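Peer 1: First the structure, which I've put down as structure tokens, then a few questions once you've had a look.
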Amino acid sequence: MNFELSQTQLDFKSSLSEFVKREISPHARDLEHSGEYPEKIVAGLKQLGLFGITVPVDFGGLGLDSVSLAIVFEEISKGWMGAAGLIGTHSVACEMISNFGTLAQKESWLEKLAAGTYRSCLALTEPGAGSDLQGISTRGEIYNDEVVITGTKTWITNARRSELIPVLLKTDPNATPRHRGMSIVIVPRDTPGLTISRDLGKLGYKGPETCEIVLDGCRVPVDNILGGEPGRGMIQALSALQLGRINVAARGIGISQSALDKAIEYASQREAFGKPINQFQAVQCKLADMAISIQASRLLTYWAACEYDKSREAFLDRTDSSSEPGQVPSHKKYRADMHTAMAKILSSETALVSSLEAMRIHGAYGYSTELEIERLYRDAPLLAIGEGTNDILRLVIAKGLTGK
Ligand SMILES: Cc1cc2nc3c(=O)[nH]c(=O)nc-3n(C[C@H](O)[C@H](O)[C@H](O)COP(=O)(O)OP(=O)(O)OC[C@H]3O[C@@H](n4cnc5c(N)ncnc54)[C@H](O)[C@@H]3O)c2cc1C
Numbered sequence: 349m350n351f352e353l354s355q356t357q358l359d360f361k362s363s364l365s366e367f368v369k370r371e372i373s374p375h376a377r378d379l380e381h382s383g384e385y386p387e388k389i390v391a392g393l394k395q396l397g398l399f400g401i402t403v404p405v406d407f408g409g410l411g412l413d414s415v416s417l418a419i420v421f422e423e424i425s426k427g428w429m430g431a432a433g434l435i436g437t438h439s440v441a442c443e444m445i446s447n448f449g450t451l452a453q454k455e456s457w458l459e460k461l462a463a464g465t466y467r468s469c470l471a472l473t474e475p476g477a478g479s480d481l482q483g484i485s486t487r488g489e490i491y492n493d494e495v496v497i498t499g500t501k502t503w504i505t506n507a508r509r510s511e512l513i514p515v516l517l518k519t520d521p522n523a524t525p526r527h528r529g530m531s532i533v534i535v536p537r538d539t540p541g542l543t544i545s546r547d548l549g550k551l552g553y554k555g556p557e558t559c560e561i562v563l564d565g566c567r568v569p570v571d572n573i574l575g576g577e578p579g580r581g582m583i584q585a586l587s588a589l590q591l592g593r594i595n596v597a598a599r600g601i602g603i604s605q606s607a608l609d610k611a612i613e614y615a616s617q618r619e620a621f622g623k624p625i626n627q628f629q630a631v632q633c634k635l636a637d638m639a640i641s642i643q644a645s646r647l648l649t650y651w652a653a654c655e656y657d658k659s660r661e662a663f664l665d666r667t668d669s670s671s672e673p674g675q676v677p678s679h680k681k682y683r684a685d686m687h688t689a690m691a692k693i694l695s696s697e698t699a700l701v702s703s704l705e706a707m708r709i710h711g712a713y714g715y716s717t718e719l720e721i722e723r724l725y726r727d728a729p730l731l732a733i734g735e736g737t738n739d740i741l742r743l744v745i746a747k748g749l750t751g752k
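See the structure below:
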């Protein structure tokens, strides 16, 4: 058992940390408060190749492992979690196309996505269904060589900036089990009938817009059905969400570490009753508890990332037919659902607690919009909701434990 990052990962982490200190941290507060779109940060992320973190090198990506992906999201979130959101669901979409796309789909899209020339997102949630994705009502009716799509998607981060929008929909609403009638269709944003109808107001996670999308009779070639066949969309989405959970868990580590670093610094400077507040045991215990939970989250996240890489490798090397629609039980052997769910839950709950504890240590200044602590506190709750709420993920873990 080796708890050390490789030298390559350490060098990568260090160059990312420099980038974040130079290009993100100093601007985050102003960009967040002004609502200005972080174009310069997007350009910096492109330059570093971070729109293609796990995209295979053959398709123009960095072809990195999932621990490296976690390092990216952790480092960026130390500076600003909103900036991590610029490449969050984009990375999940790339992963889905890399793992499940036909060769023609990979050749058409991956290189542009990896370069950031094309951007993407993930359109799963609807006004009437979030956790219960099999209860969505967006329809994709197949007529000859076209899919005609009608429905509404909501809370779709980056939709406004995405050239390609992967939409989860029902191609056969009467299928049993329901997931066999679900597909992912890659919809170009300029498809007639597609409207980004509004941006949704948010407590935090500013930077990327989170939007509602209306699809009104959008006609898309059947060749845009991910993997070339209908009926696999739910499996494809759930599989890619594993990487989404690693990225959310890593964002939690970034927020928590930033909260701890700021709390340590403040507690060494702020004096009360004639001495720095870091000499009070009540404050010391808060710092110690934060450090314990952060390190536990980090180790669990890196472990989940390694487990995910192993399962993905086995899936890509498989010789059986377990990716066929309906073969969910055997398909699950290629998944790290439980591992990634554990990491996401612990890390997001740690971010909620750490940002609050850092605020307490900062006293009134923690509540001020002039410091960064209040932003960490506003950004953290999303991590418990997105990529599967923590309650839903507890059910995933329980299922894995009991086999039910
Ligand atoms: C800022 C932001 C950005 C987002 N970005 C995206 C995006 O890019 N793409 C996208 O598709 N979605 C996105 N989402 C949506 C997000 O994925 C959903 O909010 C999430 O999946 C939960 O769905 P819901 O909000 O409909 O809650 P619901 O499913 O309505 O759940 C409400 C509550 O009920 C609980 N609950 C539901 N079912 C069960 C059950 N069986 N057992 C126990 N408890 C249950 C939930 O845990 C939750 O506490 C975003 C959300 C936010 C806030």
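In this note's numbering, the protein residues as written are 349 to 752. Where is the CB? At the ideal position from N, CA and C, for every residue including glycine. Predicted model only: the values in this text are computed from it and were never measured.
Measuring straight from C-alpha to C-alpha, what distance separates Ile408 and Asp637?
Peer 2: Taking the first residue of the sequence shown as position 1, residue 408 is located at position 60. Taking the first residue of the sequence shown as position 1, residue 637 is located at position 289. Checking the sequence, you will find Gly at residue 408 rather than Ile. Their Cα atoms are separated by approximately 42 angstroms.
Peer 1: My guess is that Arg593 and Thr688 are in contact by the Cβ rule of under 8 angstroms, so how many angstroms apart are they, rounded?
Peer 2: Walking along the sequence shown from the start, residue 593 turns up at place 245. Walking along the sequence shown from the start, residue 688 turns up at place 340. Contact holds; Cβ gap of about 4 angstroms.
Peer 1: Just reading off the alpha helix (DSSP H) that Gly748 is part of, what are its end residues?
Peer 2: Along the sequence shown, read from residue 1 onward, the residue named residue 748 stands at position 400. Looking at the DSSP string, the run of the alpha helix (DSSP H) that includes Gly748 is Asn738 to Thr750.
Peer 1: What is the residue span of the alpha helix (DSSP H) that Val701 lies within?
Peer 2: Counted from its first residue, the sequence shown places residue 701 at position 353. Asp685 to His710 is the extent of the alpha helix (DSSP H) around Val701.
Peer 1: Specify whether the segment 436-447 and the segment 506-523 touch according to this definition: at least 3 beta carbon pairs, one from each stretch, less than 8 angstroms apart.
Peer 2: yes
Peer 1: Tell me, please, whether the segment 515-528 touches the segment 478-487 by the rule of three or more beta-carbon pairs shorter than 8 angstroms.
Peer 2: yes
Peer 1: Below 8 angstroms, can you find three or more Cβ-Cβ pairs linking the segment 643-663 to the segment 733-748?
Peer 2: At 8 angstroms Cβ cutoff, the stretches do not touch.
Peer 1: Let me check understanding here. Comparing Cα to Cα, which of Ala653, Gly602, Val596 and Leu694 lies closest to Leu724?
Peer 2: As a working mapping, residue 724 is identified with position 376 in the sequence shown. Closest option to Leu724, Cα to Cα, is Gly602.
Peer 1: Apart from the five residues on each side of it in sequence, which residues of its chain come closer than 6 angstroms, Cβ to Cβ, to Lys554?
Peer 2: Translated into positions along the sequence shown, residue 554 becomes position 206. Excluding five sequence positions before and after Lys554, the CB atoms of its chain that fall closer than 6 angstroms to its own CB belong to Glu380 and Gly430, given in chain order.
Peer 1: Mapping the DSSP letters down to three states, classify Ala477 as helix, strand or coil.
Peer 2: Along the sequence shown, read from residue 1 onward, the residue named residue 477 stands at position 129. Three-state DSSP puts Ala477 in a strand.
Peer 1: If Val631 sits next to Ile740, beta carbons under 8 angstroms apart, how far is it from one beta carbon to the other, in whole angstroms?
Peer 2: Taking the sequence shown and counting its residues from 1, the one referred to as residue 631 is at position 283. Taking the sequence shown and counting its residues from 1, the one referred to as residue 740 is at position 392. Not confirmed; about 36 angstroms, so no contact.
Peer 1: Would you kindly check if the distance between the Cβ of Leu551 and the Cβ of Arg726 is under 8 angstroms?
Peer 2: Here residue 726 corresponds to residue number 378 of the sequence shown, with the count starting at 1. Here residue 551 corresponds to residue number 203 of the sequence shown, with the count starting at 1. In this structure, Leu551 lies closer than 8 angstroms to Arg726 by Cβ.
Peer 1: Quick one: what's got a C-beta closer than 7 angstroms to Ser479's C-beta in the same chain, skipping five residues either side?
Peer 2: The sequence position of residue 479 within the sequence shown is 131, counting from 1. Excluding sequence neighbours, Ser479 sits near Thr737 and Ile740.
Peer 1: Looking only at C-alpha atoms, which of Ala611, Glu577, Asn626 and Val496 sits nearest to Asp564?
Peer 2: By one-based count along the sequence shown, residue 564 stands at place 216. Out of Ala611, Glu577, Asn626 and Val496, Val496 has the C-alpha closest to the C-alpha of Asp564.
Peer 1: Could you please give the first and the last residue of the uninterrupted alpha helix (DSSP H) stretch that includes Glu613?
Peer 2: Start at 1 with the first residue of the sequence shown, and residue 613 comes out as number 265. Per DSSP, Glu613 belongs to the alpha helix (DSSP H) from Gly581 to Gln617.
Peer 1: In whole angstroms, give me the CA-to-CA distance for Leu635 and Arg370.
Peer 2: To locate residue 635, count along the sequence shown from 1; it is residue 287. To locate residue 370, count along the sequence shown from 1; it is residue 22. If I take the Cα positions, the gap works out to 27 angstroms.
Peer 1: Within 10 angstroms of its Cβ, does Thr465 collect 16 or more other Cβ (buried), or is it exposed?
Peer 2: In the sequence shown, counting from the first residue as 1, residue 465 sits at position 117. The residue in question, Thr465, is exposed, as its Cβ has fewer than 16 Cβ neighbours within 10 Å.
Peer 1: Over what stretch of residues does the alpha helix (DSSP H) that includes Glu384 continue unbroken?
Peer 2: Against the sequence shown, residue 384 aligns to sequence position 36. Element bounds for Glu384: n/a, residue is neither H nor E.
Peer 1: Let me confirm a value: Thr493 is counted as buried when at least 16 other C-beta atoms fall within 10 Å, else exposed. Which label applies?
Peer 2: Reading the sequence shown from its first residue, position 145 is the one you call residue 493. Reading off the sequence shown, one finds Asp at residue 493, where the question assumed Thr. With fewer than 16 other Cβ atoms within 10 Å, it is exposed.
Peer 1: For the beta strand (DSSP E) containing Ile785, name the first residue and the last one.
Peer 2: An answer regarding residue 785 cannot be provided, because it is not within the stretch 349 to 752 covered by the chain.
Peer 1: Helix, strand or coil for Ala662? Go by DSSP, reduced to three states.
Peer 2: For this step, residue 662 is matched to residue 314 along the sequence shown. Ala662 falls in the helix class under three-state DSSP.
Peer 1: Whose C-alpha, out of Trp428, Glu423 and Leu458, is nearest the C-alpha of Glu720?
Peer 2: Residue 720 sits at position 372 when you count from the first residue of the sequence shown. Here the closest residue by C-alpha is Trp428.
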